[in-house]
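Heads up, the thing below is written out as structure tokens.
Number of protein chains: 2
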Amino acid sequence: MVEHTLRRTPLSRDRVLRAAVALADEAGIESLSMRNLAQELGVVPMALYKHVANKEELLDGMIDAVVGEIDPPVPGAGWKQAVRGRILSARRVLQRHPWAPIAIESRTAATPAVLAYLDSMVGTLSAGGFSADLAHHVMHAMGSRMLGFSQELFDASRNAGRSGAAAAEPPAAPPPEFADRFPHLATIATAAFHDDASVVGTGCDDQFEFEFALDLLLDGIERLHRQGWTSHPA
Amino acid sequence: MVEHTLRRTPLSRDRVLRAAVALADEAGIESLSMRNLAQELGVVPMALYKHVANKEELLDGMIDAVVGEIDPPVPGAGWKQAVRGRILSARRVLQRHPWAPIAIESRTAATPAVLAYLDSMVGTLSAGGFSADLAHHVMHAMGSRMLGFSQELFDASRNAGRSGAAAAEPPAAPPPEFADRFPHLATIATAAFHDDASVVGTGCDDQFEFEFALDLLLDGIERLHRQGWTSHPA
DNA sequence: ACCTGAACACCGTTCAAGT
DNA sequence: ACCTGAACACCGTTCAAGT
């Protein structure tokens, strides 16, 4: 009786998914357990299984929600600007949901929204005059970058459990023996920075590095396209 | 007394790490629990904590063991062939240890062996005449591919729990409605294949796609290097 | 018929009790 | 002093018991 009036909104698949995304955003993907999520929604864990078959389906629903936030392609632009703009939009979405790459890579098959997104990207290439042959290899070569993944070896954002500066320790200055053991890394760590960034790890401009890599790929692809590249030369 | 003679080899950090790598290779990373590993070694779970502080340190040790399998750089070659050859070697290592990318990406900081490997790669670039500025951005742009990661969005090998054909279901033919919902994907799925591969998912030549993407990046990098590219043009 | 508390089979790690 | 069984605080999911 009492609970009946206290909990106004009835549970729904949409409400479960939204709460799951919010919980992962705030507390990190490792805090997203069926039990935690149920508690967040004020229900018993078993109640969730009414709306999602299991945790895998929960993750799939979360992924589709996030991928749905990516901007649609800009109509007027050429293939290169259309692909570039959309990938940069995907990157902004991932910055709001740092757990998404881990969740996406953990799935064995693509969700409907991801398939639709990739299909649209291939459509952009086709409209730009790409052969099916070249488009195929381009999709493989771009890989997870198509969804805005940085593909860095150690991506600080994806492993950040909790947001907020309190949890993250300050960028530890490299110990003095670092330069002795890894001299070449030490050299490039201090290169390419402006005068205000002298400590390793603080100076990297993530956006610059992302666009550098993206343009390296897109420029190479443009060159192949102009040359009429094919995997089975006559 | 009896156990004393039955278990001949005493536990050691090295034996723990080797058993962990073997277990992950055979049963998948999700089967690598402290409890499973202890049972595999015929000891009580607590005994492992004598040789590794916790599971994170266990994973770090496994990663270093795997990275140690990558071939050293070929001495005579130019930077491009040296980098290319080493990345292809890393890829072969990862094919023996499909769990390694997941393990490496789960770590927040690089292990000593990974740092040494990356340092060596930067050294190769420097020896090839790269500025610290360009080498820095190149390392970011290559990212996890430097360790042989395919960076595909859905990498079948990394999510394969168990090896062996028995566990893997045959490559499911796409349902007839696939081509209706994702026409562009359907088009490129059947493109670039030879006549013996007509089903989606079976026809992709992983090695070809990997080298296509790798060469796309290396060719672009070579071009920047020849042009004397710099992040702060005069 | 419906809902859910308790249970099952795990997990990493701690710690006190026993030798 | 040393080792380890039991326990703690979790996890996803099942299922039978209760209303």
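Top to bottom, those sequences are chains A and B. Residues in the first sequence are numbered from 16 upward in steps of one, following the working numbering. Residues in the second sequence are numbered from 16 upward in steps of one, following the working numbering. A virtual CB, placed ideally from N, CA and C, is assigned to each residue, including glycine.
For Ala62 of chain B, the secondary structure class from DSSP, reduced to helix, strand or coil, is helix. Gly158 of chain B and Ile44 of chain A have their alpha carbons spaced roughly 23 angstroms apart.
In this chain, the alpha helix (DSSP H) harbouring Val108 of chain A covers 94-111. Apart from the 5 residues on each side of it in sequence, Ser172 of chain B sits with its Cβ closer than 6 angstroms to the Cβ of Pro113 in its chain, given in chain order.
Secondary structure at Asp40 of chain A: helix, using DSSP grouped into helix, strand and coil.
Going by DSSP, Met136 of chain A is part of the alpha helix (DSSP H) stretching over 127-142.
Within the model, the alpha-carbon separation for Leu133 of chain A versus Phe225 of chain B is close to 19 angstroms.
Nearest in C-alpha terms to Ile119 of chain B, of all of B:Met161, B:Gly100, B:Met49, B:Asn51, is B:Met161. By the CB criterion at 7 angstroms, Ala115 of chain B and Val59 of chain B fall outside the cutoff.
Taking 7 angstroms as the CB threshold, Val137 of chain A lines the interface with chain B. Rounded to whole angstroms, the gap between the alpha carbons of Ser141 of chain B and Ala147 of chain B is 7 angstroms. With fewer than 16 other beta carbons inside 10 angstroms of its own, Met61 of chain B counts as exposed. In terms of beta-carbon proximity, Ser159 of chain A lines the interface with chain B, with at least one pair separated by less than 7 angstroms.
With 16 or more other CB atoms across the displayed protein chains lying within 10 angstroms of its CB, Ser165 of chain A is buried. Residue B:His155 holds the alpha-carbon nearest to the alpha-carbon of Phe169 of chain A among B:His155, B:Asp170, B:Phe169. Within a 10 Å sphere around the beta-carbon of His247 of chain A sit fewer than 16 other beta-carbons, which makes this residue exposed. In terms of CA proximity to Val108 of chain B, B:Pro87 leads the group B:Arg122, B:Gly91, B:Pro87, B:Gly93. DSSP places Asn51 of chain A in the uninterrupted alpha helix (DSSP H) bounded by 49-56.
Among the CB atoms of chain B, one or more fall inside 7 angstroms of the CB of His199 of chain A. Of all residues in the stretch 73-91 of chain B, none comes within less than 9 angstroms of chain A when Cβ atoms are compared. The beta-carbon of Phe145 of chain B is placed no less than 7 angstroms from the nearest beta-carbon of chain A. When CB distances to chain A are screened at a threshold of 7 angstroms, not a single residue of the stretch 40-73 of chain B falls below it. Under the three-state reduction of DSSP, Gly158 of chain B is assigned to helix. Flagged as an interface residue toward chain B: Ala206 of chain A, by a C-beta distance shorter than 7 angstroms.
Closer than 7 angstroms to the CB of Leu130 of chain A there is at least one CB belonging to chain B.
Here Phe145 of chain B is buried, its C-beta having at least 16 other C-beta atoms within 10 Å. Take the alpha-carbon of Ile78 of chain A and the one of Thr126 of chain A: they are about 8 angstroms apart. In this structure Asp75 of chain B is buried. Its beta-carbon is surrounded by 16 or more other beta-carbon atoms within 10 angstroms. In the displayed model, Asp230 of chain A falls within a helix according to three-state DSSP. The C-beta of Gly235 of chain A comes closer than 7 angstroms to at least one C-beta of chain B. Taking C-alpha positions only, Gln242 of chain A is separated from Thr123 of chain B by approximately 42 angstroms. For Ala35 of chain A, the closest Cβ of chain B is not nearer than 7 angstroms.
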